[in-house]
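K.L.:
Under this note's numbering, think of the first position of the sequence shown as 1468, with each following residue one higher.
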Amino acid sequence: MISVKNLSFHYAKKKELFHELNLELGQGNIVGLLGKNGAGKTSLIKILTGLLYPKAGECQMLGETPSKRSPQFLSNVYFLPEEIEESNLRMDKHVALYAPFYPKFDHEAFASNMTSFGIDSSENLKNLSYGQKKQFYISFGLASGCSLLVFDEPTNGLDIPSKSVFRKLVASSMTDDKLILISTHQVRDLGNLIDRVLVLNNGAIIFNKSTEDISNQYDFVSTDNVPDSTQWLYHERGLGNGRAIVRSQEHLESKIDLELLFSGIVAHPEKFKTTAHE
1468 MISVKNLSFH YAKKKELFHE LNLELGQGNI VGLLGKNGAG KTSLIKILTG
1518 LLYPKAGECQ MLGETPSKRS PQFLSNVYFL PEEIEESNLR MDKHVALYAP
1568 FYPKFDHEAF ASNMTSFGID SSENLKNLSY GQKKQFYISF GLASGCSLLV
1618 FDEPTNGLDI PSKSVFRKLV ASSMTDDKLI LISTHQVRDL GNLIDRVLVL
1668 NNGAIIFNKS TEDISNQYDF VSTDNVPDST QWLYHERGLG NGRAIVRSQE
1718 HLESKIDLEL LFSGIVAHPE KFKTTAHE
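Here you go:
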């Protein structure tokens, strides 16, 4: 589905952002692309969707080169950027105009998505808040029928109830022939939604694991339960008990703490080192 080999990229007159980056992602996954602001997430997404061109290396999406932006490729990829362009169209007019570009667009699914967010499609886009616009474009994207959905910071502008609706709609729209890539620095918003975690830091993918592998390899515990600090891969102090990440132990049971994991990976990448193909 996504194949990146030895990809290098830099903006004009700036230092190299990506150097010989490698990445393989298959269908049937909801992938969280995590990173701090400025880590290169948006640049990588734009390369994957054909909006930026790599300086060296190969990038294949759905078996095609994104930068060629063929009609077949564009009809099977939906990209929601963080910043949304202004539009004077009513939402129903937008759907009538743009849905035909997506042969598998599901109008019933779109209507259901809009109902879940509580939006009336007869409203003009220019009259909506930033969060409401996000809800509309998320509803449209999830109904597009595309094999590849790419969302850049989709929860920015959404209130807490809308974030919950977003997670439910993404989960319910997922099928084995799709790949959904969600880029965010708001790690907590992804909750239990994703099944693979990518961490991008300083232009490099420093972590790439399925949530199943994460559960098998790490435990997320109170420091009181594992008082031996030599076992801690990473820890944070908090009110009351601290939290720590340790190597998986048979007697411990824990749920993935995505926020703690992300902080640990960025702080001590050498302790969580992985490969692009793991």
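Using N, Cα and C, we set each Cβ at its ideal position, and we do this for glycine too. Source: prediction; values computed, not measured.
(1) At a cut-off of 8 Å, is ASN1708 close to the ligand ATP when judged by its beta-carbon and the heavy atoms of the ligand?
(2) Does the separation of the CB atoms of LYS1503 and ASN1668 fall below 9 Å?
(3) Consult DSSP for PHE1572 and reduce its assignment to one of helix, strand or coil.
(4) List in chain order: all unbroken alpha helix (DSSP H) runs of 4+ residues lying wholly within the segment 1636-1723.
(5) State the CB to CB distance for the pair VAL1688 and LYS1676, rounded to an integer number of angstroms; the pair is presumed to be in contact (CB under 8 Å).
(6) Compute the Euclidean distance between the alpha carbons of GLU1531 and ASP1656, then round it to the nearest angstrom.
(7) Out of curiosity, what's the CA-to-CA distance linking HIS1486 and PHE1674?
(8) Quick one: give me the first and last residue of the beta strand (DSSP E) that GLU1487 is part of.
(9) Tell me the rounded alpha-carbon separation between PRO1694 and LEU1725.
(10) Looking at C-alpha atoms only, which residue of LYS1722, GLU1717, GLN1716 and TYR1701 is the closest neighbour of PRO1736?
(11) Inspect the CB distances between the segment 1589-1603 and the segment 1555-1575 and report whether three or more fall short of 8 Å.
(12) Considering just the uninterrupted stretch of the beta strand (DSSP E) at LEU1615, what are its terminal residues?
(13) Might you give, ordered along the chain, the residues of its own chain that have their beta carbon closer than 8 Å to the beta carbon of PRO1570, omitting 5 neighbours on each side?
P.N.:
This is what the structure holds:
(1) No copy of the ligand ATP appears in this structure; indeed no ligand is present at all.
(2) The residue given as residue 1503 occupies position 36 in the sequence shown. The residue given as residue 1668 occupies position 201 in the sequence shown. Contact: yes.
(3) Position 105 of the sequence shown holds residue 1572. Correct three-state label for PHE1572: coil.
(4) Taking only runs of at least 4 residues, the alpha helix (DSSP H) segments lying wholly in the segment 1636-1723 are 1678-1684.
(5) Reading the sequence shown from its first residue, position 221 is the one you call residue 1688. Reading the sequence shown from its first residue, position 209 is the one you call residue 1676. So it is not a contact: roughly 19 Å between Cβ atoms.
(6) Sequence index remark: in the sequence shown, residue 1531 carries index 64 (1-based). Sequence index remark: in the sequence shown, residue 1656 carries index 189 (1-based). If I take the Cα positions, the gap works out to 31 Å.
(7) Along the sequence shown, one-based indexing puts residue 1486 at 19. Along the sequence shown, one-based indexing puts residue 1674 at 207. Distance between HIS1486 and PHE1674, taken at the CA atoms: about 16 Å.
(8) Along the sequence shown, one-based indexing puts residue 1487 at 20. For GLU1487, the enclosing beta strand (DSSP E) covers residues 1483-1492.
(9) Within the sequence shown, numbered from 1, the residue matching residue 1694 stands at position 227. Within the sequence shown, numbered from 1, the residue matching residue 1725 stands at position 258. Roughly 22 Å separates the two Cα atoms.
(10) Stepping through the sequence shown from its first residue, residue 1736 is reached at position 269. Checking every option, the nearest Cα to that of PRO1736 belongs to TYR1701.
(11) In short, these stretches touch, since the Cβ pair count reaches three.
(12) Stepping through the sequence shown from its first residue, residue 1615 is reached at position 148. Looking at the DSSP string, the run of the beta strand (DSSP E) that includes LEU1615 is 1615-1619.
(13) Your numbering for residue 1570 matches position 103 in the sequence shown. Result list for PRO1570: SER1542 and GLY1612, in chain order.
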